Amino acid sequence: MSSEPPEKMMFQLTLRRRGISDQAVLRTMEAVPRENFVTAADRRHAYRDSALGIACGQTISQPFVVAYMTEQLQLQKDHKVLEIGTGSGYQAAVLSRLCGHVLTIERYRTLADGARARLEKLGYHNIEVMFGDGFDIPPGAGDFDRIIVTAAMEQIPEKLQQRLVTGGILIAPVGPHQGTQTLVRVTRNEGGFDRRELVDVRFVPALPGIAREL
Ligand code: SAH
69 MSSEPPEKMM FQLTLRRRGI SDQAVLRTME AVPRENFVTA ADRRHAYRDS
119 ALGIACGQTI SQPFVVAYMT EQLQLQKDHK VLEIGTGSGY QAAVLSRLCG
169 HVLTIERYRT LADGARARLE KLGYHNIEVM FGDGFDIPPG AGDFDRIIVT
219 AAMEQIPEKL QQRLVTGGIL IAPVGPHQGT QTLVRVTRNE GGFDRRELVD
269 VRFVPALPGI AREL
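Numbering (our numbering), first residue to last: 69 to 282.
Here it is, written out as structure tokens:
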């Protein structure tokens, strides 16, 4: 008999049924305790396949979308990954188990501080949480094997694409801030950038600059 609570078994089934097939991604989704990334009031809903509210009017993404974006990144153990939009830190935790290092950037100080403390407590040591603006990544951070944007961008900034190494992959929700966006995957090759549209999604907007509110 499995000692898994039924909602966690359903969680895996839902991800598989919706088309996630990468075993490493499925194992990771099983291993990261989403209940530690949601508000106390939402803890009992942590394994539902839905986005939930967090502090500063933001959201932790729907598990299917987290798994799907992660699968699309085709992560390898030595990859250096950039995430724009730390939020709760959940997506960063998922990425960190499948790659070498994650730099994640958040424009709300409260969320950045909260995520940093949470990830440290949970023992994720290959994640750096930075308070800052994802539209303005410090040059000193270098280039990345993978870039994942978890807030809606009206378009992908050219200078963000330029931070990909050759062979690198970027994934971002692109479209209007209100309504639906399309998940876009950009691959950098020797000749330039290959762009592919994947599925429709809904994300909170990516806004320029650090937040004035805490
Ligand atoms: N990946 C998160 C959910 C992201 S919600 C998780 O796993 O919980 C989107 C986040 O992007 C919000 O917290 C929002 O504040 C942040 N964000 C929006 N614009 C940003 C920008 N320019 N730079 C950094 N973070 C940004």
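Using N, Cα and C, we set each Cβ at its ideal position, and we do this for glycine too. Computed from a prediction, not measured in an experiment: that's the story for all the values here.
Quiz item: Can PRO206 be considered in contact with ligand 1, in the sense that its beta carbon sits closer than 7 angstroms to one or more heavy atoms?
Solution: no
Exercise. Report back the beta-carbon spacing between GLY202 and ALA274 to the nearest angstrom; my notes put them in contact at under 8 angstroms.
Key: 7 angstroms
Practice problem: May I ask which residues mark the beginning and end of the beta strand (DSSP E) holding ALA53? | Solution: The first residue shown for the chain is 69 and the last is 282, placing residue 53 beyond what the model contains.
Quiz item: Is the number of C-beta pairs between the segment 217 to 231 and the segment 241 to 260 that are closer than 8 angstroms three or more?
Solution: yes
Practice problem: Rank GLY182, ILE237 and TYR158 by C-alpha distance to the C-alpha of VAL133 and give the top, closest one. | Solution: TYR158
Practice problem: Please state whether DSSP places LYS148 in a helix, a strand or coil. | Solution: strand
Self-check item: Limits of the beta strand (DSSP E) - the one that GLU174 falls within
Solution: In the DSSP annotation of this structure, the continuous segment of the beta strand (DSSP E) that includes GLU174 starts and ends at 169 to 174.
Self-check item: Closer than 7 angstroms: PRO276 CB and nearest ligand 1 heavy atom
Solution: yes
Quiz item: With 16 as the cutoff for other CB atoms within 10 Å, does HIS146 come out buried or exposed?
Solution: Per the sequence shown, the amino acid found at residue 146 is Asp instead of His. Its Cβ having fewer than 16 others within 10 Å, ASP146 is exposed.
Quiz item: Does the segment 110 to 129 come within contact of the segment 206 to 213, defined as at least 3 CB pairs closer than 8 angstroms?
Solution: Note that the segment 110 to 129 does not touch the segment 206 to 213; fewer than 3 beta-carbon pairs, one per stretch, sit closer than 8 angstroms.
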